[in-house]
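Notes for the one structure printed next.
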Amino acid sequence: MIKEALAYLKNEFKKTEFYEVGKETYANENLQKIEEPVRREVVVYSLSGLVDYIKDNFDNDERLLVSVLNQQKIVVETQLNNNKKREIVIMSLAYTPTICLDQFMSLEAFNIQLQSIFVKNDDVKNLLRILGNLRSSNIRNAGDNGVSQIVETKRGVTMAQEEVVPNPVRLKPFRTFTEIEQPESLFVFRLRESGNEIQAGLFEADGGAWKNVARLSIKDYLIENLKEQIENNSILIIG
């Protein structure tokens with residue numbers, strides 16, 4: 001009984017041994033592969049922060065891969081380690097406001113959204129003018145194509161006029177990093193009656209093409225601000 005117990009304890013508390021196979025390390029406990037330790041990635045919320053980190057070479061990395069994943073996320077990774085894995089050293093995320101698209105909303109909420117999270121241009125000014133001068137909820141389609149609409153707007157104090165609502169409109173919502181120009185998109189602008197109020201809505205009409213424009217603009221920004229690192233072959237930018 002004692003002999004079996006000693007054998008059990010010896011087996012349970014046997015010395016863990018390590019073996020080098022090629023460039024990888026294994027342990028004799030179930031031959032588990034020992035993964036290389038990785039650092040916790042740094043997170044920033046601007047393009048300038050990402051550029052500053054790379055220029056400083058804070059962690060003395062030999063070469064970095066900069067991947068523009070989409071209009072709101074960039075990751076910087078090391079070369080493959082011995083486990084054939086890349087290590088993320090820094091990540092940049094864009095803080096962007098919530099935009100209500102593809103749905104109708106009250107004129108008040110629509111007006112606030114248009115003024116607060118869209119870059120000012122002629123179409124924004126025109127929409128704000130029309131919304132501010134709407135006189136009644138008498139909205140009707142112009143023609144049979146369902147595209148153009150006519151609304152009655154105030155002119156001066158007492159005069160009124162019928163006006164064709166612009167469609168489509170070119171707008172620039174804040175949807176990516178603020179260091180680059182916001183991509184312009186086509187939107188279908190619609191008005192409708194809902195109960196006793198008028199509602200307005202914007203509907204995307206470019207098939208998401210703006211995302212590619214934003215991604216390329218981010219890449220151009222990084223190339224422009226990291227010329228020395230690119231020439232030294234210390235970074236590769238893809239996106």
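Going by my numbering, the sequence shown opens with residue 1, and the numbers climb by one from there.
Yeah, the Cβ is synthetic: ideal placement off N, Cα and C, and Gly gets one too.
In this text the structure is predicted, and so the values were computed from the model without any measurement.
The beta carbon of Leu64 sits closer than 6 angstroms to the beta carbons of Val76, Ile235 from its chain, once the five residues preceding and following it are set aside; these are given in chain order. Cβ contact annotation for Asn81 (same chain, cutoff 6 angstroms, sequence separation greater than five): Glu36, in chain order. Using a Cβ-Cβ distance cut-off of 8 angstroms, the region 188-208 and the region 38-57 are not in contact, since fewer than three pairs of beta carbons, one from each stretch, lie closer than that value.
In this structure, Leu134 sits away from Val169, with a CB-CB distance that is not shorter than 9 angstroms. In the structure shown, Ala209 falls within a helical segment according to DSSP collapsed to helix, strand and coil.
Partner residues in a beta bridge of Gly49, as assigned by DSSP, do not exist. One alpha carbon belongs to Ser194, the other to Ala94, and they sit about 36 angstroms apart. When DSSP states are grouped into helix, strand and coil, Phe187 belongs to the strand group. Residue range 122-133 is occupied by the alpha helix (DSSP H) that includes Arg129. Between Arg39 and Val89 the beta-carbon gap is near 7 angstroms, inside 8 angstroms, which marks them as a contact. Using a Cβ distance threshold of 9 angstroms, Ile238 and Ile223 do not count as a contacting pair.
It is roughly 8 angstroms from the alpha-carbon of Gln115 to the alpha-carbon of Val124. Put simply, of Val42, Ala214, Pro166 the residue whose alpha carbon is nearest the alpha carbon of Thr176 is Ala214. CA-to-CA, the gap between Lys55 and Gln72 works out to about 21 angstroms. If you compare the alpha carbons of Lys15, Ile99, Leu107, Val165 with that of Gln199, the shortest gap goes to Leu107.
Look at Asn167 here: in three-state DSSP terms it is coil, with no helix or strand label.
In chain order, Leu47, Val68, Gln71, Ile74, Thr176, Phe177, Ile180, Gly239 place their CB closer than 8 angstroms to the CB of Ile218, counting only its own chain and leaving out the 5 sequence neighbours on each side. Assignment of Leu65 by DSSP, reduced to helix, strand and coil, places it in the strand class. Beta-carbon to beta-carbon, Pro166 and Asn126 are separated by about 6 angstroms, close enough to satisfy the 8 angstroms threshold.
Selection Arg192, Met91, Pro173, Phe58 evaluated against Phe104 yields Arg192 as nearest (Cα-Cα). Contact between Ile117 and Pro97 holds, with the beta-carbon distance rounding to 4 angstroms and staying under 8 angstroms.
Rounded to the nearest whole angstrom, the C-alpha separation of Asp61 and Val21 is 26 angstroms. Taking the Cβ atoms as the reference, Phe174 lies roughly 6 angstroms from Gln182, within the contact range of under 8 angstroms. The beta-carbon separation of Lys33 and Tyr26, rounded to 6 angstroms, stays under the 8 angstroms limit for a contact. If you look at Ser92, you'll find it in the beta strand (DSSP E) that goes 88-93.
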